[in-house]
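Quick note, the sequence shown lines up with residues 27 to 457 if you use our numbering. Each residue gets a CB set at the ideal place from its N, CA and C atoms; glycine is no exception. Shown next, in structure tokens, is the structure this report addresses.
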Amino acid sequence: MNNSELQQLRSQAVPRGVSATAPIYAARARNAVITDIEGRDYIDFAAGIGVMSVGHCHPKMVEAVKDQAESFSHTCFGLTGYESYVRLAERLNRLTPGDFEKRTFFVNSGAEAVENAIKVARYATGRRSIIAFEDGFHGRTHMTLSLTSQVDPYKVGFGPYASDVYRIPYAYCYRCPLALTYPACGCECAALLQNAFDKQVSADDVAAVIAEPVQGEGGFIVPPPEYMGKIKKICEEHGILLIADEIQSGMGRTGRWFAMEHWGVAPDIVVTAKALGAGLPIAGVTGRRDILDTVHPGGIGTTFGGNPLACRAGLAVFDIIENEGLLERAMTVGERIRNRFEAMQARYPAVGDVRGLGAMVAMEFVKDRETKEPAGDLGKAYRAKLYENGVVNIGAGTYHNVIRILTPLTVEDSTLDRGLDIMEQTMAQVS
Ligand SMILES: Cc1ncc(COP(=O)(O)O)c(C=O)c1O
Numbered sequence: 027m028n029n030s031e032l033q034q035l036r037s038q039a040v041p042r043g044v045s046a047t048a049p050i051y052a053a054r055a056r057n058a059v060i061t062d063i064e065g066r067d068y069i070d071f072a073a074g075i076g077v078m079s080v081g082h083c084h085p086k087m088v089e090a091v092k093d094q095a096e097s098f099s100h101t102c103f104g105l106t107g108y109e110s111y112v113r114l115a116e117r118l119n120r121l122t123p124g125d126f127e128k129r130t131f132f133v134n135s136g137a138e139a140v141e142n143a144i145k146v147a148r149y150a151t152g153r154r155s156i157i158a159f160e161d162g163f164h165g166r167t168h169m170t171l172s173l174t175s176q177v178d179p180y181k182v183g184f185g186p187y188a189s190d191v192y193r194i195p196y197a198y199c200y201r202c203p204l205a206l207t208y209p210a211c212g213c214e215c216a217a218l219l220q221n222a223f224d225k226q227v228s229a230d231d232v233a234a235v236i237a238e239p240v241q242g243e244g245g246f247i248v249p250p251p252e253y254m255g256k257i258k259k260i261c262e263e264h265g266i267l268l269i270a271d272e273i274q275s276g277m278g279r280t281g282r283w284f285a286m287e288h289w290g291v292a293p294d295i296v297v298t299a300k301a302l303g304a305g306l307p308i309a310g311v312t313g314r315r316d317i318l319d320t321v322h323p324g325g326i327g328t329t330f331g332g333n334p335l336a337c338r339a340g341l342a343v344f345d346i347i348e349n350e351g352l353l354e355r356a357m358t359v360g361e362r363i364r365n366r367f368e369a370m371q372a373r374y375p376a377v378g379d380v381r382g383l384g385a386m387v388a389m390e391f392v393k394d395r396e397t398k399e400p401a402g403d404l405g406k407a408y409r410a411k412l413y414e415n416g417v418v419n420i421g422a423g424t425y426h427n428v429i430r431i432l433t434p435l436t437v438e439d440s441t442l443d444r445g446l447d448i449m450e451q452t453m454a455q456v457s
């Protein structure tokens, strides 16, 4: 079958609600290149939404999964335990920020991890309300959609949503919610959390604040360095837990194991997924022992969570990141992308902002640099053309006007540069 035949079959077998950015079908993938069923190579600047940080088919990961498949593929950890689950939990406990005793359990997806973090936070505090952020994304299950901010395409038509969820603006400096400028603003937007206790919900009712340290889906929005520390301090003053959603920003993507480390903030609970399993579905909920251990035996769990194949993949991922220096590599990759994006910003007025942290780098498109009116149409056209030109890519932003790079951290310089050349040539085509 070729791509168009498969696309035709897909339209008869898969609902249109499942997004289909481009009509290409993968045959194989190695490191940062995906080859489609017609033999065409694509540079992978999306890594399956930030999952393949160690590259496609890393031999160590393949070996670990093969070995596990030949031993056993499932027992359900709650019924019959196995070492890889415990070892992976240990590893996350050690590497997530916070010099305190921790516990970790595993589920299958990012959304499921967020759901469970909320469950545990409510259980441990005896409180019901959750505060999330504008432009935040936490998944597509019912509770996580309630936490997610972006309406189109995620929330439109899927309500009603869970109660006791409140939302405040994030520190989106390019579009400051207070119309101020950093650093003169003194990071005043953190006080909007305090403000919410007067105008939205009593602090005594709030179990947790959930934040992405760098907003992913929102468009790689990086808060000022002091922002998360201020949020944590307000939480502590009111006995509120801080949940860091590190599903996209964690596991080395920003040049540290977890993005919160950049600002010395230790959240009470950290959720991980995506790159943790390098393509095998796994997500972790890691948190302070005194919080995680409050839940009674049997109160948390799932059939597949922490599946042995996925745990072995997770252990391989930690080894690969450590042994191949991928935290340092994330910084180099990020710098290379940022330099090229800044050069594009100097040339094309439509590039309103270039921002990021480590290897999370994005460009935001605007119709006018003064008004900053979002250029969603340009974002979509650019992305489609990039696919045509051989780059698998991913957009972001509430107004679909951001392009973000989530390439494998193992990408070779030559592949990265080729992809960035194509991005520049494509910009010239669509501008
Ligand atoms: C920050 C963040 N949280 C949660 C999720 C949901 O993860 P999943 O798609 O694995 O349910 C995502 C997915 O993109 C994410 O980026």
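In the structure shown, Q274 falls within a coil segment according to DSSP collapsed to helix, strand and coil. For G76, the uninterrupted alpha helix (DSSP H) run begins and ends at 73-76, by DSSP. Note that the C-beta distance between S79 and P179 is not below 9 angstroms. Spanning the alpha carbons of T280 and M286 requires a straight line of approximately 10 angstroms.
Residue side-chain check: A299 places its Cβ nearer than 8 angstroms to a non-hydrogen atom of ligand 1.
Here I431 has F71, I363, V387 as same chain residues with Cβ atoms under 6 angstroms from its own Cβ, once five neighbours each way along the sequence are excluded.
Residue pairing by DSSP puts F132 in a beta bridge opposite G310. The beta carbons of N134 and F330 sit closer together than 9 angstroms.
In terms of Cβ geometry, T47 and R54 do not form a close pair [threshold 9 angstroms].
Leaving aside the five residues that flank G416 on each side, the residues in its chain whose CB is nearer than 8 angstroms to its CB run, in chain order, R66, D67, Y68, I69, I448. In this chain, F330 is not harboured by any beta strand (DSSP E), its DSSP state being neither H nor E.
For R430, the shortest separation between its Cβ and any heavy atom of ligand 1 does not lie below 8 angstroms.
The alpha carbon of G162 has as its nearest neighbour, out of K411, R315, P239, the alpha carbon of P239. With a cutoff of 8 angstroms, S275 counts as near ligand 1, since its C-beta is closer than that to a heavy atom of the ligand.
Residues of the same chain with a CB within less than 7 angstroms of the CB of T170, apart from the 5 flanking positions on each side, are A137, V140, E141, H164 in chain order. Under the three-state reduction of DSSP output, P400 falls in the strand class.
In this structure, the CA atom of R166 is about 11 angstroms from the CA atom of Y187. Short note on E243: C-beta closer than 8 angstroms to some heavy atom of ligand 1.
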